[in-house]
Amino acid sequence: MEFICNKNKLHEAIINVSKAVPVKSNIAALEGIKLKLSENKLELIGYDLELGIKTAIDVNSDDSGELVVNARLFSEIIRRMSSDELKITVDEKLNVNILGNNTTYDISAISAAEYPDFPSINSDNSIDVPQHILKNMIEHTNHAVSVNDNKPILTGELFDIEDRIFRMVAIDGFRLAIRTEGIGTDEKVNFVVPSKTLNEISKLLSKGDSSKPSPEDNSQDSSENKEEICHIFTNSKNIIFEISGYYVVSRLLEGEFHNYKASIPSDFKTEVIIKTREFYDSIERCSLLINEKNKCPVRCVFEDGSLRIDCKTSIGKINDSIPAEVNGEAIEIGFNNKFLLDALKACETDKIKIQLMAANKPVRIVPTNGDSFMYLLMPIQLRK
0 MEFICNKNKL HEAIINVSKA VPVKSNIAAL EGIKLKLSEN KLELIGYDLE LGIKTAIDVN
60 SDDSGELVVN ARLFSEIIRR MSSDELKITV DEKLNVNILG NNTTYDISAI SAAEYPDFPS
120 INSDNSIDVP QHILKNMIEH TNHAVSVNDN KPILTGELFD IEDRIFRMVA IDGFRLAIRT
180 EGIGTDEKVN FVVPSKTLNE ISKLLSKGDS SKPSPEDNSQ DSSENKEEIC HIFTNSKNII
240 FEISGYYVVS RLLEGEFHNY KASIPSDFKT EVIIKTREFY DSIERCSLLI NEKNKCPVRC
300 VFEDGSLRID CKTSIGKIND SIPAEVNGEA IEIGFNNKFL LDALKACETD KIKIQLMAAN
360 KPVRIVPTNG DSFMYLLMPI QLRK
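Numbering-wise (numbering that gives the first Met the number 0), the sequence shown opens with residue 0 and increments by one.
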């Protein structure tokens, strides 16, 4: 087979599908990228049996054929070619010739028959989410995903869709993160997507324009909007994300996700309204005194129109104070500095509400208006 293509478009496609290619595998073919030529389209696939990425680029050809090339070698060769236009030829013995200007590479490929089938989902119904919204939801919840394999189901994020509301939920036993958005589907579904998959699709998703309409606004149907939509297809075992010409397939995690709604406190005794940035900056100042060898909770006292913060380790100590609107009983509570910073960083509002029940009860962080996010933190017991 033979085709001519643009170097930059080919290399971009190789880089993106390579995110699903394992560095080492017992199946040699999986360390490669499958190339499938069909006239003027070249399809590229990376797949590690858990995560797969597929895309296609335009090429000049009236030929067809398929093969597997080593992903790392092929990527480095294409990146280093000096010509913007490349001619790639494959003979019957799967010898690959790559030609550009005065540079020629000859490498060996393996048969596409050794490559596993890319999973497919037979469904015409998709869950459609604007790319910038899905990207935002992932980026503002993934900090709370468990990294402990003792409960594999918690190493992913729950997609909980009901009554045209989409909630993305992550929990690790010490904290809970929820992002909520309206969605234009009447389906009631929930499934758990591995964090690894979400991290990879986040890199493919467009940041978009926050001024674009929400998925509930069906009056907007321009081709520009369609290009910014992520189409999601699922069955009982797999999920496929269609993102601007890329298809990302992943296994879903099996098991029962934690009943997160039961973990959310239904009441509170103290509510604090505070500027997000000021609180974040103060905790960052405390964090200068905390490391792996010098662990210590950050002590927060909410009372009398202020938040007093202090921390003491063998490195040193800090006392800080910032204004806060405190409604209810004064309360003293301890936090893990990193967990608190992660939650505050994910808050996109200038001010937040902090809702507290007691020094040993979960703390809820929510926006002052609406319910677009909720972060729940378990406190740390303070020494007197």
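By construction, the Cβ of each residue, glycine as well, lies at the ideal position given by its N, Cα and C atoms.
| Query | Result |
| --- | --- |
| DSSP puts Leu85 in a beta bridge; with which residues? | Cys4 |
| Taking DSSP as the reference, what is the three-state secondary structure of Val365? | strand |
| Do you know how far the Cα of Ile182 is from the Cα of Val58? | 37 Å |
| In or out: Ile13 buried (at least 16 other Cβ within 10 Å) or exposed? | buried |
| For my contact list, His142 and Ala345 are in at a C-beta cut-off of 8 Å; report their separation, rounded to the angstrom. | 7 Å |
| Tell me which residue opens and which closes the alpha helix (DSSP H) that His131 is part of. | 130 to 138 |
| How close, in whole Å, do the beta carbons of Ile273 and Lys350 come, if the pair is a contact with beta carbons under 8 Å? | 7 Å |
| Tell me which same chain residues have a C-beta within less than 8 Å of the C-beta of Thr233, skipping the five on either side of it? | Ile120, Ser122, Ile126, Val188, Phe190, Ile239, Leu251 |
| Apart from the five residues just before and just after Glu75, which ones in its own chain have a Cβ nearer than 8 Å to its Cβ? | none |
| Please work out which residues of its chain come closer than 6 Å, Cβ to Cβ, to Glu30, disregarding the five sequence neighbours upstream and downstream, and give them in chain order. | Ser24 |
| In chain order, what residues of the same chain have a beta carbon less than 6 Å from the beta carbon of Ile332, not counting five sequence neighbours either side? | Cys299, Ala358, Pro378 |
| Would you report the Cα separation of Tyr114 and Thr269, rounded to the nearest angstrom? | 59 Å |
| Determine, using beta-carbon pairs with one atom in the segment 69 to 84 and one in the segment 281 to 288, whether at least three such pairs fall under 8 Å. | no |
| Contact check, Asn293 vs Ser313 under 8 Å by CB: the rounded distance? | 5 Å |
| Between which residues of its own chain and His10 is the CB-CB distance below 8 Å, once the five residues before and five after are set aside? | Ser74, Ile77, Arg78 |
| Taking the C-alpha atoms as reference points, what is the distance between Val89 and Ser249? | 31 Å |
| Please classify Ala70 as buried or exposed, where buried requires at least 16 neighbouring CB atoms within 10 angstroms. | buried |
| Among residues of its own chain, excluding the 5 on either side of Asp319, which ones have a beta-carbon nearer than 8 Å to its beta-carbon? | Ser281, Arg284, Cys285, Arg307, Ile308, Asp309 |
| Would you mind working out which of Asn147, Cys229, Tyr104, Ile97 sits nearest Asn135, comparing C-alpha positions? | Cys229 |
| If we ignore side chains and look at the alpha-carbon of each, how far apart do Lys18 and Gly244 end up? | 16 Å |
| Any idea what DSSP makes of Tyr259, helix, strand or coil? | helix |
| Identify the continuous beta strand (DSSP E) that holds Leu157 and give its terminal residues. | 155 to 161 |
| How long is the line joining the alpha carbons of Leu381 and Asp162, rounded to whole angstroms? | 42 Å |
| Would you mind stating whether Ala329 and Ser305 have Cβ atoms separated by less than 7 Å? | no |
| If I'm right that Gln354 touches Phe267 with Cβ under 8 Å, what's the distance once you round it to whole angstroms? | 4 Å |
| Inspect the beta-carbon positions of Val247 and Ile200 and report whether they are closer than 7 Å. | yes |
| Just tell me which of Tyr374, Leu93, Lys53 has its CA closest to the CA of Gly64. | Leu93 |
| Quick one: what's Tyr104 bridged to in DSSP? | Ile97 |
| Ile242: which of Val22, Lys195, Ala55, Gly369 sits nearest, CA to CA? | Ala55 |
| Here's a check: name, in chain order, each residue in its chain whose Cβ is nearer than 8 Å to the Cβ of Lys360, leaving out the five neighbours to either side. | Pro264, Pro378 |
| Among Ile364, Leu34, Asn124, which has the Cα closest to the Cα of Glu1? | Leu34 |
| Measure the C-alpha to C-alpha separation of Ile164 and Ala261 and round it to an integer number of angstroms. | 18 Å |
| CB-CB under 6 Å to Asn96, same chain, minus the five flanking residues each way: which ones, in chain order? | Thr88, Asp105 |
| Determine which residues share a DSSP beta bridge with Arg174 and list them. | Leu376 |
| From Ile386 to Pro366, what does the alpha carbon distance come to, in whole angstroms? | As displayed, the chain neither begins before 0 nor continues past 383, which places residue 386 out of reach and without an answer. |
| Can you list, in chain order, the stretches of the beta strand (DSSP E) that have 3 or more residues and sit fully within the segment 11 to 69? | 31 to 37, 40 to 46, 50 to 57, 63 to 69 |
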